[in-house]
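Data first, discussion second: the structure below is written as C-alpha cells.
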Amino acid sequence: MNLSKLNIGILHSLIGKNDGVSIVIDQSIQAMVRYMDVSQDNIYFLSALAPARLNKLEDDIFWHKNEANKYILKHYHREPPEGFEDFIEDHVTQAEDIIAKFIDDNHIDLFIVHNASHPTNFVYAIAVGRYFEKLRHQRQYLPRYLLWWHDSHFERERFLHPNPVIKSFLDYIPGPYAHGIVFINTAQAALARQVYKSHFNHHQDTRRFFSQNTTVIPNTCDIPWSWKRQPSHGTVKRLWPRR
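Every letter in the sequence shown is one number past the one before it in UniProt numbering, and letter 38, counting from 1, is 38.
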C-alpha cells in the first residue's frame, strides 16, 4: 500500500483554531506530510468550522454547541422529555448521511475522528459509530477508522449517570468499530482496555487489538514517526510506529 496516495479525512467540531485538539490535528498533518509524503491535497476536513484554505465540508450538525447537541446534553442525566429518542435519531441520521457523502465524494481511505469517545460531541460520535457498524455488517473494509481518544465519559463525573434513552446510545461512544486508537496518555489506554474487555470483547480480541492497533501520543510532544514494516496480512502490509 502506497501511504502517500491515501485520501485522509479528519473530523472534529473545530479545525484550525488555537484549542488543544486543533493543535494536535495540525501536528498530525505535519507528520503525515513530512514523514509519509502525504500531499495536503489528499487531506479533507469535515467540521462545523475550518479555515478557508482547507479542503473542507462544513455543517453545523458537527458543532458541539449547536442547539440539538446542547438539548441532548441538557437532558443527559435528567428524565427524558417526550420524543427525546426520536429527536436524537433524527439528528444522528442527518450527521451520518453527511459523513457517508463526505467519505464517498472524497474517496476517503483513512478517517481520523477526534473526540468521538465522549458525549460532548454526542450527535457525530453516534453517527460515526453507526456508519462503521453498517460497513462492518456489509464486510466493507475501507475506509479505516482511527479514533483519537482525548477523553471519555468514563473520566467525567457529569457523564456517569445517563438516563435510559441516553444509555441506549452509549454503546457507540466510542463503540467497537474503530480500526485503531490514539490515546493522549497511558492512563486512558488502561481504562479503555478495561472498558473494551467488559463491553466489546465479543466483537474482537481485546488483548490483540490493544497490542497491535493502539498507541499513546501525548498532546504536549512532537509526533515521532519512525515506521517499520510488519509481516504481510493478505495483500496489505501493515505499518506500525516503532516502540
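A virtual CB, placed ideally from N, CA and C, is assigned to each residue, including glycine.
- Residue ranges of uninterrupted beta strand (DSSP E) with 3 or more members, entirely inside the segment 137-161 and ordered along the chain, are 144-149.
- By the neighbour-count criterion, in which 16 or more other beta carbons inside 10 Å mark a residue as buried, GLY20 falls on the exposed side.
- The segment 47-92 contains, as complete beta strand (DSSP E) runs of 3+ residues, the segments 56-58 (chain order).
- For THR215, DSSP records a beta bridge to VAL182.
- According to DSSP, HIS114 shares a beta bridge with TRP148.
- Membership of ILE23 in the alpha helix (DSSP H) is indicated by the continuous run 20-35.
- PHE210 and TYR35 have their C-alpha atoms some 24 angstroms from each other.
- By the CB criterion at 9 angstroms, HIS114 and ARG156 fall outside the cutoff.
- Put simply, the segment 96-113 touches the segment 128-135. At least three CB pairs are less than 8 angstroms apart.
- Annotation for LYS74: no residue places its beta carbon closer than 8 angstroms to its own, counting only its chain and skipping 5 residues before and after.
- As DSSP reads the structure, TYR44 sits in a beta bridge with GLY9.
- In this structure, the beta-carbon distance from ILE112 to ILE10 falls below 9 angstroms.
- ASP41 and THR214 have their C-alpha atoms some 27 angstroms from each other.
- With a threshold of 16 other beta carbon atoms within 10 Å, PRO174 meets it and is buried.
- A Cβ-Cβ contact shorter than 9 angstroms links ASP109 with LEU6.
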